[in-house]
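Asker: Sending over a structure as structure tokens; questions will come in a sec.
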Amino acid sequence: MRSLLLAGGKSSRMGQDKAMIKIEGEYCISRIVNALYSSDNEPIRIVVSDIKYIEKYGKIINSEIELDWFVDSNQYAGPIEAIIENFEDNSILKEDLIQLATVDVPWVTNDFFNCLRNSIGDNDDLLMPTDGVKKHPLLSLVRPKVVLNKLKKGSKKPLFIQFSELECSSYLEDFKILKNINYPHDIG
3 MRSLLLAGGK SSRMGQDKAM IKIEGEYCIS RIVNALYSSD NEPIRIVVSD
53 IKYIEKYGKI INSEIELDWF VDSNQYAGPI EAIIENFEDN SILKEDLIQL
103 ATVDVPWVTN DFFNCLRNSI GDNDDLLMPT DGVKKHPLLS LVRPKVVLNK
153 LKKGSKKPLF IQFSELECSS YLEDFKILKN INYPHDIG
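Per my numbering: the sequence shown = residues 3 to 190.
Written as structure tokens, this is what we have:
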């Protein structure tokens, strides 16, 4: 099963590149890639905002992992646009399931991704993680054709609402696993 790792954000609230922040001695992007790899979510397509990040990130990621790099055609357009652009690629669209991920959730594990895969129902268009308070659409396990058709309608609603309008089940996970880093104080 493939995965789509979004790594093209500005990181403006954090004040530094989130992918390059070290958590427990390991870069965020490496932590996520390793979790995806360990849960058999290869190849991993990493979406970046500029070609310079391919070399920068490529130096710190395990070279044995099958990666597929993609540069946003519309830099910093946002995650919805990045998902649409990538899901229009036939190599992604032909897949039954795609695991979404972002670089700013460094505590997710391969067990988390395995649990999503084992929990999605046959009738689910997607499985969206939640910590019981907040939904985390960018960590969803999705059926790309259905999601692409939904997102191409151009709704301005937040992604978690658009996803909730599909045949969507929720997956409850500990806040500590789903916690994302947006500000320096989120790291501690």
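We treat Cβ as the ideally placed atom computed from N, Cα and C, and that holds for glycine.
All values reported here derive from a predicted model rather than from experimental measurement.
Please state the DSSP three-state secondary structure of Ala103.
Answerer: It is a strand residue.
Asker: Rounded to whole angstroms, what's the CA-CA distance from Leu129 to Lys58? Just pull it up for me.
Answerer: Rounded to whole angstroms, Leu129 to Lys58 spans 32 Å at the Cα level.
Asker: What would DSSP say about Leu264, mapped onto helix, strand or coil?
Answerer: This structure gives no information on residue 264, because the portion of the chain shown stretches from 3 to 190.
Asker: How about Arg33 and Ile25: do their beta carbons lie closer than 8 Å?
Answerer: Yes, Cβ-Cβ distance for Arg33 and Ile25 is below 8 Å.
Asker: By the three-class DSSP mapping on this structure, what secondary structure does Ile108 have?
Answerer: First, the amino acid is wrong: residue 108 is Pro here, not Ile. Pro108: coil per DSSP, three-state reduction.
Asker: Residues in its own chain within less than 6 Å of Ser41 by CB, not counting five upstream and five downstream?
Answerer: Excluding sequence neighbours, Ser41 sits near Asn112, Phe115 and Asn116.
Asker: Give me, in chain order, the residues of the same chain whose beta-carbon lies closer than 6 Å to that of Asp70; leave out the 5 immediate sequence neighbours on both sides.
Answerer: Within the same chain, Asp70 has close Cβ partners Pro45 and Arg47.
Asker: If distances are taken between C-alpha atoms only, which option among Gln77, Arg145, Lys147 and Tyr173 comes closest to Lys136?
Answerer: Nearest of Gln77, Arg145, Lys147 and Tyr173 to Lys136, Cα basis: Tyr173.
Asker: Find out if the Cβ-Cβ distance for the pair Ile85, Leu153 is shorter than 8 Å.
Answerer: Their beta carbons are under 8 Å apart, which means Ile85 touches Leu153 by this criterion.
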